[in-house]
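Engineer:
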Amino acid sequence: MDVPCSIPAAKLFKAFILDADTLIPKVVPQAISSVEILEGDGGVGTVKLVTFGEGSQYKSVKHRVDGLDKENFTYSYSIIEGDALSGVVESVSYHIKIVPSDDGGSVCRNRSIYTTKGDVPLSEDEIKSGKEKAKGLFKAVEAYLLGNPEAC
């Protein structure tokens, strides 16, 4: 999924990836109320507890940072535990790359890989719902940065 953005790539990466643990709960507390590092220093191998807000159907997930490249604006992580992993999903891996666009903004490229338990298929509605939530979160951060240019 590619999402265009008017924010330059470096600023967007800092906000959406590097400062996300504090910024996202501030911008969309109804979606994510807190992020806590359980182990690690924020880099590869770090495990975080993400607690969802009151507007979510889920309580929390643990995710592990799998990759972080600050120079190339890439980040990957996996959801490894939590109630958002339905009975058929074993894990979900996300790969994010923010690339500069010709107009001075950027494009957020997000790829999700779902690993199911056994041969159980995942419904297209579940995948579409996940993509829409991710896009909404991204657009909320973009709107916050546009309204608060001094942030990040």
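Position one of the sequence shown corresponds to residue 3 (my numbering), numbered consecutively onward. Virtual Cβ for every residue (Gly too), placed ideally from N, Cα, C.
1. With a floor of 3 residues, list each beta strand (DSSP E) that falls wholly inside the stretch 39-91, ordered by position along the chain.
2. Quick check: residue 138 and residue 6, are their CB atoms within less than 8 Å of each other?
3. Between the beta-carbon of residue 155 and the beta-carbon of residue 109, is there less than 8 Å?
4. Rounded to whole angstroms, what is the Cα-Cα separation between residue 135 and residue 125?
5. Between the stretch 50-63 and the stretch 84-94, can you find at least three pairs of beta-carbon atoms closer than 8 Å?
6. Straight-line CA distance for residue 53 to residue 121?
7. Would you tell me roughly how many angstroms separate the C-alpha atoms of residue 90 and residue 140, rounded to the nearest one?
8. Using DSSP's beta-bridge definition, name the partner residues of residue 36.
9. Pick from 154, 145 and 153: whose alpha carbon is nearest that of residue 8?
10. Among 148, 72, 38 and 92, which one has its Cα closest to the Cα of residue 100?
11. Excluding sequence positions up to five away, which residues of its chain have a Cβ less than 8 Å from the Cβ of residue 154?
12. Would you report the Cα separation of residue 31 and residue 143, rounded to the nearest angstrom?
13. Taking buried to mean at least 16 other C-beta atoms within 10 Å of its own C-beta, is residue 50 buried or exposed?
14. So, are the CB atoms of residue 23 and residue 46 less than 8 Å apart?
15. Which one or two residues does DSSP pair with residue 27 in a beta bridge?
Structural biologist: According to the structure data:
1. Listed in chain order, they are 49-54, 62-71 and 76-84.
2. Numbered from its first residue, the sequence shown carries residue 138 at position 136. Numbered from its first residue, the sequence shown carries residue 6 at position 4. Contact flag unset, no.
3. An answer regarding residue 155 cannot be provided, because it is not within the stretch 3 to 154 covered by the chain.
4. One-based indexing of the sequence shown puts residue 135 at position 133. One-based indexing of the sequence shown puts residue 125 at position 123. Going by the C-alpha atoms only, they are around 16 Å apart.
5. By the Cβ criterion, the stretch 84-94 is in contact with the stretch 50-63, since at least three pairs of Cβ atoms, one from each stretch, lie closer than 8 Å.
6. Numbered from its first residue, the sequence shown carries residue 53 at position 51. Numbered from its first residue, the sequence shown carries residue 121 at position 119. Straight across, the Cα-Cα distance linking residue 53 with residue 121 is about 29 Å.
7. Position 88 of the sequence shown, counted from the first residue, corresponds to residue 90. Position 138 of the sequence shown, counted from the first residue, corresponds to residue 140. Cα to Cα, the separation comes out at about 26 Å.
8. Residue mapping note: residue 36 aligns to position 34 of the sequence shown, counting from 1. Residue 36 pairs with 53.
9. Residue numbering aside, residue 8 sits at position 6 when the sequence shown is read from its first letter. Nearest neighbour of residue 8 by Cα position, chosen from 154, 145 and 153, turns out to be 145.
10. By one-based count along the sequence shown, residue 100 stands at place 98. Among 148, 72, 38 and 92, the Cα nearest to that of residue 100 belongs to 72.
11. Working through the sequence shown from its first residue, we reach residue 154 at position 152. Excluding positions up to five away in sequence, the list reads 13, 16, 17, 21, 25 and 147.
12. Translated into the one-based positions of the sequence shown, residue 31 becomes position 29. Translated into the one-based positions of the sequence shown, residue 143 becomes position 141. Here the alpha carbons of residue 143 and residue 31 stand approximately 12 Å from one another.
13. Numbered from its first residue, the sequence shown carries residue 50 at position 48. Buried, by the Cβ-count rule.
14. Taking the sequence shown and counting its residues from 1, the one referred to as residue 23 is at position 21. Taking the sequence shown and counting its residues from 1, the one referred to as residue 46 is at position 44. A distance of 8 Å or more separates the beta carbons of residue 23 and residue 46.
15. As a working mapping, residue 27 is identified with position 25 in the sequence shown. Per DSSP, none; premise fails for residue 27.
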